[in-house]
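Okay, so here's the structure we're looking at.
Chains as they are written, first to last, in our numbering: chain A, 401 to 699; chain B, 401 to 699.
Spelled out as structure tokens, the structure:
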């Protein structure tokens with residue numbers, strides 16, 4: 401691990417309504433030396449917040465520990481309600497290699513952080529994605545099956561035991577999922593229709609699970625304010641799937657229904673290579689590399 | 401001027417054949433503390449080389465002075481031949497604001513460097529583009545009119561006097577043009593034809609001078625190896641002109657002749673905003689900012 405290594409961390413925690421609690425949890429990260437909070441946002445319906453921050457591996461781990469301590473103090477899962485799947489006060493903590501650090505080292509960092517949390521707070525910890533120790537823990541959705549309430553009832557069964565810490569929910573915090581993954585691209589395409597079933601049908605054609613593009617997860621959702629149906633996607637491996645390919649495939653599938661694309665959006669952050677890739681495709685460039693982007697040399 | 405200010409400098413010098421001379425001149429830059437050479441390339445037909453380097457303003461100025469000294473030692477303009485317009489051993493030195501520095505400060509830096517060169521080496525110095533002191537010196541082409549040989553004969557005339565230094569060519573170095581400008585995008589579009597006249601006709605429709613896109617310079621050239629005609633462009637203000645607009649305008653003008661685009665290329669470096677702009681257009685994004693590019697936060 402090099403001195404200049406930078407890790408991204410995108411923890412999700414189970415509070416999106418009491419803004420003073422959100423601020424206190426975010427501040428526990430901000431006040432850790434050596435990290436920089438790039439973004440955070442809360443959703444009232446989901447009663448959940450997401451923070452994006454970066455820093456050197458040691459500082460990021462410290463910030464995660466501080467955050468867990470603060471969330472444990474202020475969030476009680478017995479009282480938590482919200483639409484989004486969740487099992488704990490801090491629900492999921494992915495570590496993402498950004499610079500001068502590999503996935504292997506991020507996996508180690510995630511497991512170290514997880515074991516320290518389990519030990520210090522008596523919290524059950526699951527390792528997911530690249531940090532998974534069991535195949536059934538690779539997917540977040542499998543770990544969160546039944547939510548806080550369901551896991552509480554089943555955690556004592558061997559096939560739902562955590563990877564670290566007690567096989568018993570923490571009475572207020574619940575449990576936490578920690579892991580390592582590549583940067584994820586959240587890409588949404590709006591269709592020029594108010595018919596949700598069209599977005600759902602297009603999403604089925606897009607997602608890997610149903611024979612679509614590898615490394616793409618997709619669902620159809622309704623945008624109430626705009627009255628448009630949206631294909632909401634996660635591109636989970638930016639080195640394999642391309643934004644332009646997802647866009648063009650949505651276009652040709654929607655055309656089946658005589659529906660055009662109304663627009664698209666990237667939520668949060670995306671790797672430089674993914675943007676360069678889009679330009680390279682539409683401008684018919686044999687080669688265009690991120691080395692050709694001026695700012696890349698200022699890193 | 402802030403502590404973290406970064407300036408880009410892209411000097412062109414009049415040697416592209418004797419590679420030991422090219423290396424020596426480039427090394428004079430490389431060996432200056434605080435600068436980083438990103439790229440350099442030489443052209444034998446032009447007998448000319450281009451270096452791209454970055455650093456803090458003070459270090460970049462030092463590197464420029466070291467480079468002029470080395471070029472003065474090794475290059476004799478009385479013996480120089482080459483197709484490209486030129487008036488001096490180091491021919492043109494643009495300073496480009498990259499980070500935490502404005503154009504005004506780059507203009508000051510250019511003029512300071514120019515005056516030091518004039519004084520230390522008795523070399524005539526012209527200030528161009530944003531650093532120009534006279535309107536007739538704004539355009540590089542106007543200063544270089546007649547090339548080394550022509551300027552040598554006319555430099556004593558008042559309307560061709562330099563902005564600093566003697567009104568007499570240095571006997572071996574010639575003269576130098578120094579200035580400040582925005583980053584320039586060198587964008588070439590290859591047409592699926594071997595007819596140079598089509599590329600020339602398309603270039604005329606593209607360039608500002610003839611009623612095309614503002615801040616675009618364009619010419620038609622022949623790519624001998626590929627046997628394709630090319631529209632070769634400079635986008636001189638990336639905040640005003642867009643790569644996608646130039647590309648699409650080339651496409652519709654070439655279509656007039658039944659000719660398609662075969663491909664395109666960006667030469668050298670381009671600002672992040674210009675690549676983001678391409679993605680935003682083709683993906684119909686209302687908003688996409690360079691803040692959404694992960695690596696931007698590592699700067």
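The C-beta atom is built at its ideal place from N, Cα and C for all residues, glycine as well.
- Using a 10 angstroms sphere on the CB of residue 611(B), the tally of other CB atoms stays under 16, which defines it as exposed.
- Residue 408(A) has its alpha-carbon roughly 7 Å from the corresponding atom of residue 452(A).
- Residues of the stretch 650 to 665 of chain A that bring their beta carbon within less than 8 Å of a beta carbon in chain B comprise 661, 662, 663, 664 and 665, in sequence order.
- Rounded to whole angstroms, the gap between the alpha carbons of residue 462(A) and residue 530(B) is 48 Å.
- Closer than 9 Å to the CB of residue 494(B) there is not a single CB belonging to chain A.
- The beta carbon of residue 596(A) is closer than 8 Å to those of 620, 621, 622 and 629 in its chain, skipping five residues each way along the sequence.
- Of all alpha-carbon atoms in 454(B), 604(B) and 588(B), the one lying nearest the alpha-carbon of residue 687(A) is that of 588(B).
- Annotated three-state conformation of residue 506(B) is helix, per DSSP.
- Taking every protein chain shown into account, the CB of residue 558(B) has fewer than 16 other CB atoms within 10 angstroms, so this residue is exposed.
- Contact note: residue 682(B) reaches chain A through 678 and 682, using a C-beta cutoff of 7 Å and chain order.
- With a threshold of 9 Å between beta carbons, residue 593(A) makes no contact with chain B.
- Residue range 448 to 455 is occupied by the beta strand (DSSP E) that includes residue 448(B).
- Chain A has no Cβ within less than 9 Å of the Cβ of residue 630(B).
- Interface flag for residue 605(B) against chain A is unset, since no Cβ pair is found closer than 9 Å.
- An exposed status is given to residue 660(B), since fewer than 16 other beta-carbon atoms sit within 10 Å of its beta-carbon.
- Residue 428(A) sits buried, since 16 or more C-beta atoms from the chains shown fall within 10 Å of its C-beta.
- The DSSP assignment places complete alpha helix (DSSP H) segments of no fewer than 4 residues inside the stretch 499 to 552 of chain A at 503 to 521 and 540 to 543, in order along the chain.
- Per DSSP, the unbroken alpha helix (DSSP H) holding residue 649(A) starts and ends at 643 to 655.
- Within the same chain, Cβ atoms closer than 6 Å to the Cβ of residue 487(B) are found at 544, 548, 551, 574 and 575, the five residues on either side in sequence being excluded.
- Contact between residue 540(A) and residue 585(A) fails: their C-beta atoms lie close to 17 Å from each other, not under 8 Å.
- Here the alpha carbon of residue 696(A) sits roughly 7 Å from the alpha carbon of residue 690(A).
- Using a C-beta cut-off of 8 Å, the stretch 468 to 479 of chain A makes contact with the stretch 563 to 574 of chain A, since at least three inter-stretch Cβ pairs fall below that distance.
- Residue environment for residue 520(B): exposed (fewer than 16 other C-beta atoms within 10 angstroms of its C-beta).
- Distance from the CA of residue 653(A) to the CA of residue 605(A), rounded to the nearest whole angstrom, comes to 7 Å.
- A straight line joining the alpha-carbon of residue 663(A) with that of residue 647(A) spans about 10 Å.
- Residue 685(A) belongs to the set of residues whose beta carbon lies under 9 Å from a beta carbon in chain B.
- Residue 698(A) is positioned such that its CB atom lies no closer than 9 Å to that of residue 683(B).
- Nearest in C-alpha terms to residue 645(B), of all of 655(B), 421(B) and 681(B), is 681(B).
- Per the DSSP secondary-structure output, residue 467(A) pairs with nothing in a beta bridge.
- With a threshold of 9 Å between beta carbons, residue 694(B) makes contact with chain A.
- Residue 474(B) is outside the set of residues whose beta carbon lies under 9 Å from a beta carbon in chain A.
- With a contact defined as Cβ atoms closer than 8 Å, residue 492(B) and residue 454(B) miss out at about 18 Å.
- Under the Cβ criterion of 9 Å, residue 647(A) is counted among the residues facing chain B.
- The Cβ of residue 457(A) sits no closer than 9 Å to any Cβ of chain B.
- Put simply, the backbone Cα of residue 460(A) is about 54 Å away from that of residue 523(B).
- Of all alpha-carbon atoms in 593(B), 693(B), 673(B) and 609(B), the one lying nearest the alpha-carbon of residue 656(B) is that of 593(B).
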